[in-house]
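Chemist: Have a look at this one.
Residue numbers (the numbering used here): 20 to 330.
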């Protein structure tokens, strides 16, 4: 046993359900936690990092029930980013929806799919011609109304997944898991909602993101850490979490949402949006090569996990 395996939580750290879950499965150790960054972009909540595993997590759990009940951003075409100074609009990552449909296309073809935390439901639109049945889970009534007005009865809409058993062939979570305070409980409910042999497809932000982990850009850390992102996973922590919830791991890989021009913008201007303002300095070929370079270093901004419920 390592010296820090039985060490207490740091005095300045407030253990929360997601932190206790991560400790229970060995993804973090209380004695290895060190203060990583003093704040998130929208609050003064400190950000901690396990010095051994690299997992990054908030030191305090925000009031999520009130937050999501009162939240109004996220319904527009642009990405709306909450800062201490207010809400700003930024261009979204190019090609996210197209990439996700390409990566999940064969998995959902002719099968029932449920997008958990579907937001505006754009993935549902794209999945309709591919899947046999399309569903979305979303807790916000305003977004559910938006989807219903657009898709009508073409998609099944739900506010909760915990009462569903053995219904779906595939459940997707695109940048949703990191928002959940009880990740083991929710992934177990997701496994229950899958048919035997069904798959979960998860996309999350990566704790070893190049700009933060390798380059230590303070302006980037001030932007990327957010009070809604309770934990940033590594490959190992994602594997441990899914295994603890009874899934069989099929694949865990990195993918890069933001390309060379975006990173160039951070290095030159220390602010987001370079994928638009500096787009002329990149190309699809350069972005593919740059993404492969980051993947080889385990330094992509995003991780993807595909796992299977045992038959």
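A virtual CB, placed ideally from N, CA and C, is assigned to each residue, including glycine.
Ends of the beta strand (DSSP E) at residue 221?
Modeler: As a position in the chain shown, residue 221 is number 202, starting the count at 1. Per DSSP, residue 221 belongs to the beta strand (DSSP E) from 213-224.
Chemist: State the Cα-Cα distance for the pair residue 22 and residue 35, rounded to the nearest angstrom.
Modeler: To locate residue 22, count along the chain shown from 1; it is residue 3. To locate residue 35, count along the chain shown from 1; it is residue 16. Here the model assigns residue 22 a pLDDT of 46, short of 50, so the residue's position is not dependable, and the following value carries that caveat. Going from the Cα of residue 22 to the Cα of residue 35 covers about 23 Å.
Chemist: With DSSP as the reference, identify every bridge partner of residue 66, one or two as the case may be.
Modeler: One-based indexing of the chain shown puts residue 66 at position 47. Per DSSP, 56, 77.
Chemist: Kindly list the residues whose CB is nearer than 7 Å to the CB of residue 20, restricted to its own chain and excluding five residues on each side of it in sequence; keep chain order.
Modeler: As a first step, residue 20 must be located in the chain shown, where it is residue number 1. Below a pLDDT of 50, predicted positions are generally treated as unreliable, and residue 20, at 40, falls in that range; the measurement from the model is reported next regardless. The answer is none, since no qualifying residue turns up.
Chemist: Pick helix, strand or coil for residue 131, following the three-state DSSP scheme.
Modeler: In the chain shown, counting from the first residue as 1, residue 131 sits at position 112. Here residue 131 sits in strand by DSSP.
Chemist: Run the CB neighbour count on residue 275, radius 10 Å, all protein chains shown included, and call it buried at 16 or more, exposed below.
Modeler: The residue labelled residue 275 in the question sits at position 256 within the chain shown. Residue burial is scored here from C-beta neighbours: residue 275 has at least 16 other C-beta atoms within 10 angstroms and is therefore classed as buried.
Chemist: Using only CA atoms, which one of 152, 225, 321, 264 lies nearest to residue 68?
Modeler: Taking the chain shown and counting its residues from 1, the one referred to as residue 68 is at position 49. The candidate whose alpha carbon is nearest that of residue 68 is 225.
Chemist: Would residue 138 and residue 162 be called neighbours here (beta carbons separated by less than 9 Å)?
Modeler: Translated into the one-based positions of the chain shown, residue 138 becomes position 119. Translated into the one-based positions of the chain shown, residue 162 becomes position 143. Yes, these two residues count as a Cβ contact at 9 Å.
Chemist: Which first and last residues belong to the alpha helix (DSSP H) in which residue 294 is found?
Modeler: Position 275 of the chain shown, counted from the start, is the residue given in the question as residue 294. Looking at the DSSP string, the run of the alpha helix (DSSP H) that includes residue 294 is 293-296.
Chemist: Take residue 245 and list the residues in its own chain whose beta-carbon comes closer than 7 Å to its own, dropping the five residues that flank it on each side.
Modeler: In the chain shown, residue 245 corresponds to position 226, counting from 1. Once the five neighbours on either side are set aside, the close Cβ partners of residue 245 are 59, 60, 61.
Chemist: First and last residue of the beta strand (DSSP E) that includes residue 175?
Modeler: As a working note, residue 175 is residue 156 in the chain shown. Taken as a continuous stretch (DSSP letters only), the beta strand (DSSP E) holding residue 175 covers 175-177.
Chemist: If we call anything under 9 Å between Cβ atoms a contact, is residue 26 one with residue 57?
Modeler: As a working mapping, residue 26 is identified with position 7 in the chain shown. As a working mapping, residue 57 is identified with position 38 in the chain shown. Their beta carbons are not under 9 Å apart, which means residue 26 does not touch residue 57 by this criterion.
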